[in-house]
Amino acid sequence: MNATKAKNAKNAKNAKNATNPRKMSLTKPMNPMNPTNTALRAGWSRGVIELRQSFTNGADLVSHLLWPVMMLIALYFMRDREFGSSGLLLGTLALPSILGMNAAMGMVTMSQLLTAEREDGTLLRAKATPGGMRSYVTGKVITVAGGLVADLAILLIPGMLLIDGLAAGSAGSWLTLAWVLVLGLLATLPIGAILGSLFPSARSQGLIQLPVLAMIAISGIFYPVTSLPDWLQTIAQATPIYWLGLGMRSAFLPEDAVTVEIGDSWRHLETAAVLGVWAAVGLALAPVVLRRMARRESGAGVAERREAALQRVG
Amino acid sequence: MNSEGMEAMTTNTGDHGGVALDVEGLRMRYGTTDVLREVTFRARHGEVVALLGPNGAGKTTTIEILEGFRMRSAGRVSVLGTDPAHADEAWRARVGVVLQSWRDHGKWRVRELLAHFGSYYVPYATEAVRRPWDTDELLAAVGLSDHAGDKVRTLSGGQRRRLDVAIGLVGRPELLFLDEPTAGLDPRARHEFHGLVRRLAAEHRTTILLTTHDLAEADKLADRIMILSGGRIVADGTADELARRTAGADEVRWTCDGRRFRHTTAESTAFVRELFREHGEAIGELEVRRASLEDTYMTLVHEHESGSGGAGEAFGAGEGQAAVSSR
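Top to bottom, those sequences are chains E and L. For reference, each letter of the first sequence is one residue, going 1 to 314 in the numbering used here. For reference, each letter of the second sequence is one residue, going 1001 to 1327 in the numbering used here.
Structure below.
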């Protein structure tokens, strides 16, 4: 559709030039490219560049590796311990859950990046550029999602060699992983963007960690959710973290492991429904909140935050 | 010569008779405080205008309203024929904003970042204005060719500011906003920066609005200076016009028969002529100090800060300050 549009525009332009070849125009676009496409393409390249930077720079590389390595060490020591009388190994149960938790942490990363880059003026620069905000958000989604997938692979590949009893390898388990991950990111990244827009400074971002840690604690990541009291189970099931963990377990655990779950079922339908609701709410709200936040960005605001941050250092 | 060229260009496109900025009755109110009151001015295409004023005069607020970063309380604002409060991305592509960067994009390399920001402007190229500016050409223009491969966070303050300018220019804007562009630069970096701005105005006929609290900078760069004080524009003209504005600002000193004299007058030449006719050879050590932009500035700012209507009284204080700083 765009191609025909572009062609028509070109023809129109040629026709016009033919009648008045010397007339130069200051405002008529010479290049009939769609600005939205340009912004999305710029966002894509922005995301790819920042992703590459995060894997070619010492400090970032450490932060990519530190968490998975710590988790792998923990898993290694848990690998032979049995969970209750189920005959399942704790390490086997934990690995997919940790994958789910890591996927959910994209929310925190998104939120932190947004606040930090609002503070340092990256967002104001985007605002000063045509199509800049759209491209910025696109780029951020690619950076965070791409980094997350890489981090999952860093954990999963050695994990699969280390841990016995995983049902990985079948096409079905990869397919489940794929849809749970995509839906999970759709559910969590917009929430991260909303939180990142609402927090006034990078420092106050510390507060977001507390509810997230609480959500992780009750989400059945480290201990099956069925061993929690009923009311905690109810709260856990309202969070996307629980469903990401459950989805990951359904992808990687053998069929008999389902007995430790609520209702002895992987509940794929419910997983899709809950994550879907989170995604719908997040995707509906995020543009509104982001736009409101962007509207308020100004040089004076950035300067103020810079002063505040420098005073903290000094 | 500059305005002639612009005239030809603007008639060609019929662009609002050559007015790039048109502000009328602009008001900004935070709570019960008026930060800007009835600010009215215009700038023609190709003009370099400085908004001069003490800290807190409302310079940044004014420029941010024009940039479309801030909503105004009242008044009419037209930037390149569009109200910046409701402007679209196509308008944004014609306007350059030089931001004061701090630590954003620190991991990006200079050339990579500039090429990236350039890519946003591709759909806004016109037959007359090729967009974006070629990355290597632009790097050379701001003197950053040697640092093209450096990471942004390794640049010095002056180099970063030049990169800020390059990013503001990469879309070949018709209008460029510079808010306190040389704040925090050392004298050499400031000098280089002034050269860059003058070249932009001369070679590319970019309309430039800059804010500064540095008189010398406004004098050096701007075709026209507007003095903002207490949220109002209290003077508007070329540096010479402003300097002439304060009546009696020229100071004449001389000795006559070994005694020292001092007199302030608006007509210093006539006064000196009269002096010689009356005293002839008896006059020695004659010194005429022309009214300076600084005198006018101090006078006006003092007048508006003290809120006094008595120009004579205000002028006295202004003169005293100017005399101190001229030594």
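We put the CB at the ideal spot given by N, CA and C, even for glycine.
Neighbouring residues, chain E, relative to residue i (Cβ below 8 Å)
i, result
"Thr1135 of chain L", "Per Cβ cutoff of 8 Å: no residues; Thr1135 of chain L is ~14 Å from chain E at best."
"Asp1179 of chain L", "Gly299"
"Ala1148 of chain L", "Result: empty, since nearest Cβ-Cβ is about 16 Å, beyond 8 Å."
"Arg1160 of chain L", "By Cβ distance, chain E contributes nothing, its closest Cβ being about 11 Å from Arg1160 of chain L, past 8 Å."
Residue i versus the options, residue with shortest Cα-Cα distance
i, options, result
"Met248 of chain E", "E:Glu117, E:Thr234, E:Trp231, E:Ser219", "E:Ser219"
"Val94 of chain E", "E:Thr188, E:Phe222, E:Arg118", "Here residue 94 of chain E is Ala; the residue named in the question, Val, does not match the sequence. Ranking the options by Cα distance to Ala94 of chain E, first place goes to E:Phe222."
"Gln205 of chain E", "E:Leu66, E:Gly47, E:Val108", "E:Val108"
"Glu1251 of chain L", "L:Arg1290, L:Ala1270, L:Ala1243", "L:Arg1290"
"Pro1181 of chain L", "L:Phe1193, L:Arg1188, L:Arg1172, L:Pro1187", "L:Phe1193"
"Leu185 of chain E", "E:Thr138, E:Ala59, E:Ala104, E:Glu270", "E:Ala104"
"Thr1154 of chain L", "L:Ala1183, L:Leu1113, L:Trp1133, L:Lys1107", "L:Lys1107"
"Arg1130 of chain L", "L:Leu1099, L:Gly1149, L:Arg1109, L:Val1170", "L:Val1170"
"Leu175 of chain E", "E:Asn37, E:Leu113, E:Ile194, E:Ala251", "E:Ala251"
"Lys127 of chain E", "L:Val1079, L:Arg1070, L:Leu1138, L:Leu1144", "L:Arg1070"
"Ser1268 of chain L", "L:Arg1094, L:Arg1253, L:Asp1257", "L:Arg1253"
"Glu304 of chain E", "E:Phe77, E:Met78, E:Ala74, E:Asp120", "E:Asp120"
"Leu1215 of chain L", "L:Ile1225, L:Leu1209, L:Val1019", "L:Ile1225"
"Thr38 of chain E", "L:Val1122, L:Leu1221, L:Gly1230", "L:Val1122"
"Thr92 of chain E", "E:Leu166, E:Ile241, E:Met101, E:Val149", "E:Leu166"
"His1116 of chain L", "E:Ile157, E:Ile163, E:Val180, E:Ile49", "E:Ile49"
"Leu152 of chain E", "E:Pro35, E:Leu113, E:Gln112, E:Leu66", "E:Leu66"
"Gly1118 of chain L", "L:Arg1103, L:Ala1128, L:Thr1135, L:Trp1102", "L:Thr1135"
"Ile142 of chain E", "E:Pro190, E:Met71, E:Ala236, E:Leu162", "E:Pro190"
"Leu1300 of chain L", "L:Cys1256, L:Thr1264, L:Ser1229", "L:Ser1229"
"Pro240 of chain E", "E:Asp230, E:Arg267, E:Ala279, E:Glu255", "E:Ala279"
"Pro254 of chain E", "E:Phe55, E:Ala42, E:Ser170, E:Arg292", "E:Ser170"
"Thr1061 of chain L", "L:Arg1092, L:Val1079, L:Arg1027, L:Arg1076", "L:Arg1027"
"Glu1174 of chain L", "L:His1213, L:Ala1128, L:Asp1219, L:Thr1211", "L:Ala1128"
"Arg1037 of chain L", "L:Ala1043, L:Arg1044, L:Glu1024, L:Val1049", "L:Glu1024"
"Ala1074 of chain L", "L:Glu1067, L:Gly1081, L:Ala1085, L:Leu1080", "L:Ala1085"
Contacts that residue i makes with chain L (C-beta to C-beta distance below 9 Å)
i, result
"Arg46 of chain E", "His1116"
Residues sharing a beta bridge with residue i, DSSP
i, result
"Trp1254 of chain L", "L:Phe1261"
"Gly1237 of chain L", "L:Ile1225"
"Ile1283 of chain L", "L:Cys1256"
"Ile262 of chain E", "DSSP, once it has assigned bridges, lists no residue as partnering Ile262 of chain E."
"Glu1137 of chain L", "DSSP lists no partner for Glu1137 of chain L."
"Glu1024 of chain L", "L:Arg1076"
"Phe1177 of chain L", "L:Val1097, L:Leu1209"
"Val1019 of chain L", "L:Arg1044"
"Val1288 of chain L", "L:Val1252"
"Lys1107 of chain L", "According to DSSP, which records beta bridges pairwise, Lys1107 of chain L is partnered with nothing at all."
Partners in chain L for residue i, counting only beta-carbon separations shorter than 8 Å
i, result
"Gln53 of chain E", "Lys1107, Trp1108"
"Thr38 of chain E", "Ser1119, Tyr1120, Val1122, Pro1123"
"Ser135 of chain E", "Tyr1120"
"Ala42 of chain E", "His1116, Ser1119, Tyr1120"
"Glu117 of chain E", "Asp1104"
"Arg306 of chain E", "Trp1102"
Limits of the unbroken beta strand (DSSP E) element including residue i
i, result
"Gly1075 of chain L", "1074-1079"
"Asp1034 of chain L", "1033-1044"
"Thr1212 of chain L", "1207-1212"
"Leu1051 of chain L", "1048-1052"
Contacts of residue i in chain L (Cβ-Cβ under 7 Å)
i, result
"Ala150 of chain E", "What Ala150 of chain E touches in chain L: nothing, since even the nearest Cβ is about 17 Å away."
"Gly132 of chain E", "Tyr1120"
"Asn102 of chain E", "Within chain L, no residue comes near Asn102 of chain E; the closest Cβ sits about 23 Å away, beyond 7 Å."
Neighbouring residues, chain E, relative to residue i (Cβ below 7 Å)
i, result
"Leu1099 of chain L", "Gly121, Leu124, Arg125, Ala128, Gly299"
"Glu1089 of chain L", "Pro35, Pro130, Gly131"
"Glu1192 of chain L", "Here the premise fails: no neighbours, minimum Cβ distance about 23 Å."
"Glu1064 of chain L", "Ser298, Gly299, Ala300"
"Arg1070 of chain L", "Ser298"
Residues that residue i contacts on chain E, provided the C-beta gap is smaller than 9 Å
i, result
"Glu1112 of chain L", "Ile49"
"Thr1060 of chain L", "Ser298, Gly299, Ala300, Ala303"
"Ala1093 of chain L", "Pro35, Thr129, Pro130, Gly131"
Range covered by the alpha helix (DSSP H) that runs through residue i
i, result
"Asp151 of chain E", "132-162"
"Leu1144 of chain L", "Premise fails: Leu1144 of chain L is in no alpha helix (DSSP H) and is neither H nor E."
"Thr1082 of chain L", "Counting along the chain, Thr1082 of chain L falls outside any alpha helix (DSSP H), and DSSP gives it neither H nor E."
"Asn34 of chain E", "Note, Asn34 of chain E: premise wrong, no alpha helix (DSSP H); not H, not E."
"Ser1119 of chain L", "1110-1119"
"Gly1158 of chain L", "1157-1169"
"Val1197 of chain L", "1187-1204"
"Lys127 of chain E", "122-127"
"Glu1064 of chain L", "1059-1067"
field: Length-filtered (3 minimum) beta strand (DSSP E) runs lying within the stretch 57-110 of chain E
entry: Listed in chain order, the beta strand (DSSP E) elements of length 3 or more contained wholly in the stretch 57-110 of chain E amount to none.
message: Suppose only complete runs of 4+ residues qualify. What are the alpha helix (DSSP H) ranges in the stretch 243-297 of chain E, listed by chain order?
response: For the stretch 243-297 of chain E, whole alpha helix (DSSP H) runs of length 4 or above, ordered along the chain, are 268-296.
field: Entirely enclosed alpha helix (DSSP H) segments - the stretch 179-238 of chain E, minimum 4 residues
entry: Correct list: 206-217, 230-236.
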